[in-house]
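A.B. asks: Once you've had a glance at the structure underneath, I'll fire off some questions.
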Amino acid sequence: MALHVEDLRVYYRTLAGDVKALDGVTFEVADGEIMGLAGESGCGKSTLGKSLIRLDGRMRYVSGHTVLDGEELPIWDDAAMNAFRFRRVSIVPQYAMSALNPTRRIGRMIHELLRSRGVDPHRAQPELERRLELVGLDPGVLGLYPIELSGGMKQRVVMVISTLLDPSLLIADEITSALDVSTQKAVAQTLVEIRDRGFVKSMIFITHDLAVLYQVADTILVMYAGKLAEKAPADEIVANPRHPYTRLLVSSLPEVGVRYAEKELTGIPGRPPSLLDPPSGCRFRHRCPLATAQCEQEPPWVEEDGRGVACWEASKAPTATEPLVGNAR
Amino acid sequence: MLRLDHVSKTYRTGSLGRGRLTAVRDVSLELRPGEVLSVIGESGSGKSTIGRMILRLLLPTAGSITYDETDIGALHRGALKDYYRNVQGVFQDPFSSYNPIFKADRIFSILHAEFFPRVDADEWRQRVHEALESVGLNPRDCLHKFPHQLSGGQLQRLLIARALLLDIRYLVADEIISMLDASTRIDVLNLLADLKARGLGILFITHDLSLGNYISDTTLILRHGCIVEMGATEKVFGNPRHPYTQDLLASVPLLHEKWRRDSAKAPTVTRLPEQAEAPPLVHVEDDHLVAAG
Chain A
3 MALHVEDLRV YYRTLAGDVK ALDGVTFEVA DGEIMGLAGE SGCGKSTLGK
53 SLIRLDGRMR YVSGHTVLDG EELPIWDDAA MNAFRFRRVS IVPQYAMSAL
103 NPTRRIGRMI HELLRSRGVD PHRAQPELER RLELVGLDPG VLGLYPIELS
153 GGMKQRVVMV ISTLLDPSLL IADEITSALD VSTQKAVAQT LVEIRDRGFV
203 KSMIFITHDL AVLYQVADTI LVMYAGKLAE KAPADEIVAN PRHPYTRLLV
253 SSLPEVGVRY AEKELTGIPG RPPSLLDPPS GCRFRHRCPL ATAQCEQEPP
303 WVEEDGRGVA CWEASKAPTA TEPLVGNAR
Chain B
2 MLRLDHVSKT YRTGSLGRGR LTAVRDVSLE LRPGEVLSVI GESGSGKSTI
52 GRMILRLLLP TAGSITYDET DIGALHRGAL KDYYRNVQGV FQDPFSSYNP
102 IFKADRIFSI LHAEFFPRVD ADEWRQRVHE ALESVGLNPR DCLHKFPHQL
152 SGGQLQRLLI ARALLLDIRY LVADEIISML DASTRIDVLN LLADLKARGL
202 GILFITHDLS LGNYISDTTL ILRHGCIVEM GATEKVFGNP RHPYTQDLLA
252 SVPLLHEKWR RDSAKAPTVT RLPEQAEAPP LVHVEDDHLV AAG
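As structure tokens, this is what we get:
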């Protein structure tokens, strides 16, 4: 098992109190697995990605364990994590532009980066050039400034840099969200290529876009309000979702071919709860058309047939297929 | 009717404005009340420039934009204000459309003072409440709140409500749902469809083909500022003739069908030479035009 996360809790410190952005999350990512992480903004998906590599100043580690290849990641200790960053865990951030130093040519920036990590840049150079070619970039980009590259090219340069030392885990945080559709496809397929060639062992691909996730991910983990809602193979999440939230989410997505005049889609009424003081029990119950009195108690995470779901109703009747309609406003 | 006639826009760039960047080339289109026209293009295709020219935030370099036979470039003062009573825009980022220091409902009081100084406060409040209800908002939830206390979908709907208070006939919606979450996105989209049914003409600018397909009657595909393909939505999406449109459609991630693994190559970014002319449009079938070559 490449990554094992056990009951992880990470809160944001604010003047009003702790925002419980990640409130008890347990999951595993297998060797060679691309796990998609989906959810609305504010559900904790980016917090989860960041927690695995670096807690920023506002984030506070509360409890839980993260074990990568049998070794515990000291995510609460910023200095101790340095030994893991880039070599074992690496990240591709959303905005490639802000990840590249605008005052350095790309080649020089990479050399500085490698030297700071104690790697001889000249020995890494042939591999760097080989990998750039692999993602469809001419090694000539090393002599360019970031401003001379298009958004998609920058994103691919950052992907090559992040995976240069063959980390075990790569976190890709919304890397396709700011790109055009054709570039988005190329970048997403490059990610799969990076995994297929064994440059990284496993990957967590964070995005709010389920359709992109379905294209690249092996499994999809859906989060809601700081907790896990459902995890299943990508095909199952899309074709046969069990959690009411996933079902409503999938049915609210317009696809090419679906037209308003023929089929009116509906959204999910209401808003996610505030994580300053999250409600007890199931956090989706105020928006859920299936909610019952039982939902006031915390639903257990039930796992069977390689998929898991946290919902009283879904784990009772896993074959429910009738379409759900959201609560009236 | 809102009409663009051979409109082009060239920006000056670089130091002292010596550089030239042509964003829109020879675009003609018509928008009628009760019609949704999608302008679909990738970044840099000139789609937002078209929206800004219609809102008269920019003037075209060549060609003319007419509203009910009047050239909007010639409008000033009172006449321009009248134009804005009829044509309004809503933009991509709802959070930067508001001043974070003031409460969000300030957009309504500014409107009151600017456009309806003779309407008394009680009646105005009544009108605001009606407008809010027509966009599916509960006045109690969203008045007297700061922008950060509201969700993106609520802020975006407040802006649409503000536009509706002006009895507008046309709305320029520039990527208005790109920043919204999946669960609220579709509600704003359905709201637009509802407004269209009430007779509003909407210019729906987007990079997302599935959203354009869902809502629009007419679709216009834009590349490098030129129209590539244009016509009834079901024809452009159902029977795309231009290779660029076909490529775009093949790249859209679908929920029930995986991408074909053949073409992992990224598109090469090419810019048209500044002097290049837009290729002529050819009629391929009724209500379906495709760029030649």
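Protein chains in written order, with the numbering used here: chain A, 3 to 331; chain B, 2 to 294.
Think of the CB as a built atom: it goes at the ideal place given N, C-alpha and C, for glycine as much as any other residue.
In this text the structure is predicted, and so the values were computed from the model without any measurement.
#1: DSSP puts L172(B) in a beta bridge; with which residues?
#2: Is the CB of D182(A) under 8 Å away from at least one CB in chain B?
#3: Can you list, in chain order, the residues of the segment 187-214 of chain A whose Cβ is nearer than 9 Å to any Cβ on chain B?
#4: Which class does F238(B) belong to by DSSP, given the choice of helix, strand or coil?
#5: Would you list, in chain order, the members of the segment 225-247 of chain B that have their beta-carbon closer than 7 Å to a beta-carbon of chain A?
#6: Under 8 Å between beta-carbons, which chain B residues line up against S254(A)? List them in chain order, please.
#7: Quick one: which chain A residues come within Cβ less than 8 Å of V285(B)?
#8: Using beta carbons (cut-off 8 Å, strictly below), is K309(B) in contact with chain A?
#9: Give the single residue among L166(B), W125(B), P281(B), V291(B) whose Cα lies nearest to the Cα of N220(B).
#10: Measuring CA to CA, which of R199(B), N191(B), H284(B), Y215(B) is closest to M231(B)?
#11: For E150(A) and R107(A), what's the separation of their Cα atoms in angstroms?
#12: Which ranges does the beta strand (DSSP E) cover as unbroken runs of at least 3 residues, wholly within the segment 42-119 of chain B, from first to last along the chain?
#13: Quick one: does L251(A) have its CB under 8 Å from some CB of chain B?
#14: Mind listing which residues of the segment 21-48 of chain B have their C-beta closer than 7 Å to chain A's C-betas, in chain order?
#15: Taking C-beta pairs closer than 7 Å, name the residues in chain B that Y14(A) reaches, listed in chain order.
#16: When you measure from the CB of V64(A) to every non-hydrogen atom of the ligand FMN, does any distance come out below 7 Å?
#17: Under a three-way DSSP split, which group does K10(B) fall into?
#18: Ignoring anything shorter than 4 residues or poking outside the segment 127-199 of chain A, list the alpha helix (DSSP H) runs there in chain order.
#19: Taking Cβ-Cβ distances shorter than 7 Å, what residues in chain A pair up with V300(B)?
#20: Would V224(A) and T192(A) qualify as a contact pair, given that the criterion is a beta-carbon distance under 8 Å?
#21: Please decide whether T351(A) counts as near chain B, where near means a Cβ-Cβ distance under 8 Å.
#22: Would V240(A) count as contacting chain B if we go by Cβ distances under 8 Å?
#23: So with Cβ pairs under 8 Å, would you call Y147(A) a contact of chain B?
#24: Could you name the residues of the same chain whose beta carbon sits closer than 6 Å to that of I93(A), not counting the 5 residues immediately before and after it, in chain order?
#25: Between G20(B), R158(B), P241(B), R141(B), which lies nearest to D94(B) when the distance is taken from Cα to Cα?
#26: Spatial neighbours of P280(B) within its chain, please: CB distance less than 7 Å, with the 5 preceding and 5 following residues excluded, ordered by chain position.
#27: Here's a check: name, in chain order, each residue in its chain whose Cβ is nearer than 6 Å to the Cβ of A330(A), leaving out the five neighbours to either side.
#28: Decide if F86(A) is buried, meaning its Cβ has at least 16 other Cβ atoms within 10 Å, or exposed.
#29: For P148(B), would you say it is in contact with chain A, using Cβ-to-Cβ distances shorter than 8 Å as the test?
#30: With contact counted as at least three CB pairs below 8 Å, one residue from each stretch, are the segment 61-80 of chain B and the segment 231-248 of chain B in contact?
#31: Along the chain, which unbroken stretches of the beta strand (DSSP E) at least 3 residues long are found entirely within the segment 270-309 of chain A?
#32: Would you tell me roughly how many angstroms separate the C-alpha atoms of D20(A) and R62(A), rounded to the nearest one?
#33: In whole angstroms, what separates the C-alpha of D220(A) from that of D33(A)?
#34: Between K259(B) and chain A, is the shortest Cβ-Cβ distance under 8 Å, so that the two count as touching?
#35: Around the C-beta of E306(A), are 16 or more other C-beta atoms found within 10 angstroms, so that it is buried, or is it exposed?
#36: Determine the extent of the alpha helix (DSSP H) in which Y63(A) is found, giving its start and end residues.
C.D. replies: Put simply:
#1: Indexing the second sequence from 1 puts residue 172(B) at position 171. Q89(B), I203(B).
#2: Here the question's residue 182(A) lines up with position 180 in the first sequence. It does; some Cβ of chain B falls within 8 Å.
#3: Going along the segment 187-214 of chain A in chain order, one finds K187, A188, V189, A190, Q191, T192, V194, E195, H210, D211, L212, A213, V214 with a Cβ nearer than 9 Å to chain B.
#4: As a position in the second sequence, residue 238(B) is number 237, starting the count at 1. When DSSP states are grouped into helix, strand and coil, F238(B) belongs to the helix group.
#5: Hits within the stretch, in order: F238.
#6: Residue numbering aside, residue 254(A) sits at position 252 when the first sequence is read from its first letter. Around S254(A), the beta-carbon contacts reaching into chain B at under 8 Å are A183, S184, R186, I187.
#7: Mapped onto the second sequence, residue 285(B) falls at position 284. At a beta-carbon threshold of 8 Å, none of the residues of chain A lie near V285(B); the nearest stands roughly 20 Å away.
#8: A question about residue 309(B) goes unanswered here, because the residues of chain B that appear run from 2 up to 294.
#9: On the second sequence, residue 220(B) is found 219 positions in, with the first residue counted as 1. In the sequence as presented, Asn is not what sits at residue 220(B); that position holds Thr. Ranked by how close their Cα comes to the Cα of T220(B), the residues L166(B), W125(B), P281(B), V291(B) have V291(B) in first place.
#10: Taking the second sequence and counting its residues from 1, the one referred to as residue 231(B) is at position 230. Among R199(B), N191(B), H284(B), Y215(B), the Cα nearest to that of M231(B) is on H284(B).
#11: Here residue 150(A) corresponds to residue number 148 of the first sequence, with the count starting at 1. Here residue 107(A) corresponds to residue number 105 of the first sequence, with the count starting at 1. Just so you know, the alpha carbons of E150(A) and R107(A) end up roughly 10 Å apart.
#12: Inside the segment 42-119 of chain B, DSSP marks whole beta strand (DSSP E) runs of 3 or more residues at positions 63-68, 88-91, from first to last along the chain.
#13: Against the first sequence, residue 251(A) aligns to sequence position 249. It does: the Cβ of L251(A) has a partner Cβ on chain B nearer than 8 Å.
#14: Result list: E43, S44.
#15: Here the question's residue 14(A) lines up with position 12 in the first sequence. Those do not exist, as Y14(A) stays about 15 Å from chain B at its closest Cβ, beyond 7 Å.
#16: With respect to the ligand FMN, the structure offers nothing, as it holds no ligand at all.
#17: As a first step, residue 10(B) is located in the second sequence; it is residue number 9 there, counting from the start. Three-state DSSP puts K10(B) in a strand.
#18: Within the segment 127-199 of chain A, the complete alpha helix (DSSP H) runs of at least 4 residues are 153-164, 183-198.
#19: Residue coverage of chain B in this structure runs from 2 to 294, which leaves residue 300(B) outside it and unanswerable.
#20: As a working note, residue 224(A) is residue 222 in the first sequence. As a working note, residue 192(A) is residue 190 in the first sequence. It is not a contact, given that the beta carbons lie outside the stated cut-off.
#21: Summary: the structure shown does not reach residue 351(A), with chain A confined to residues 3 through 331, and so no result is reported for it.
#22: The sequence position of residue 240(A) within the first sequence is 238, counting from 1. Yes, contact with chain B.
#23: Translated into positions along the first sequence, residue 147(A) becomes position 145. Any Cβ of chain B closer than 8 Å to the Cβ of Y147(A) would place that residue at the interface, and such an atom is absent.
#24: Position 91 of the first sequence, counting from 1, holds the residue named residue 93(A). Closer than 6 Å at the Cβ level, and outside the excluded window around I93(A), lie I55, I173.
#25: By one-based count along the second sequence, residue 94(B) stands at place 93. Of the candidates G20(B), R158(B), P241(B), R141(B), the one whose C-alpha sits nearest the C-alpha of D94(B) is R158(B).
#26: In the second sequence, counting from the first residue as 1, residue 280(B) sits at position 279. Closer than 7 Å at the Cβ level, and outside the excluded window around P280(B), lie C227, A292, A293, G294.
#27: For this step, residue 330(A) is matched to residue 328 along the first sequence. With a pLDDT of 40 at A330(A), under the threshold of 50, the modelled position of that residue is not reliable, and the figure given next carries that caveat. Excluding sequence neighbours, A330(A) sits near nothing in its chain.
#28: Here residue 86(A) is taken as the residue at index 84 of the first sequence, counted from 1. The C-beta of F86(A) has 16 or more other C-beta atoms within 10 Å across all chains shown, which makes the residue buried.
#29: For this step, residue 148(B) is matched to residue 147 along the second sequence. Not closer than 8 Å to any Cβ of chain A, the Cβ of P148(B) fails to qualify, so no.
#30: Output reads no: the segment 231-248 of chain B does not touch the segment 61-80 of chain B.
#31: Every unbroken stretch of the beta strand (DSSP E) spanning 3 or more residues and falling wholly within the segment 270-309 of chain A is given here in chain order: 304-306.
#32: Start at 1 with the first residue of the first sequence, and residue 20(A) comes out as number 18. Start at 1 with the first residue of the first sequence, and residue 62(A) comes out as number 60. Distance between the alpha carbons of D20(A) and R62(A): 9 Å.
#33: For the purposes of this step, residue 220(A) is taken as residue 218 along the first sequence, with counting starting at 1. For the purposes of this step, residue 33(A) is taken as residue 31 along the first sequence, with counting starting at 1. Spanning the alpha carbons of D220(A) and D33(A) requires a straight line of approximately 12 Å.
#34: Counted from its first residue, the second sequence places residue 259(B) at position 258. At least one beta carbon of chain A lies nearer than 8 Å to the beta carbon of K259(B).
#35: In the first sequence, the residue the question calls residue 306(A) occupies position 304. Flag for E306(A) reads exposed.
#36: The count along the first sequence starts at 1 and reaches residue 63(A) at position 61. Per DSSP, Y63(A) lies in no alpha helix (DSSP H) segment; the continuous beta strand (DSSP E) that holds it begins and ends at 61-70.
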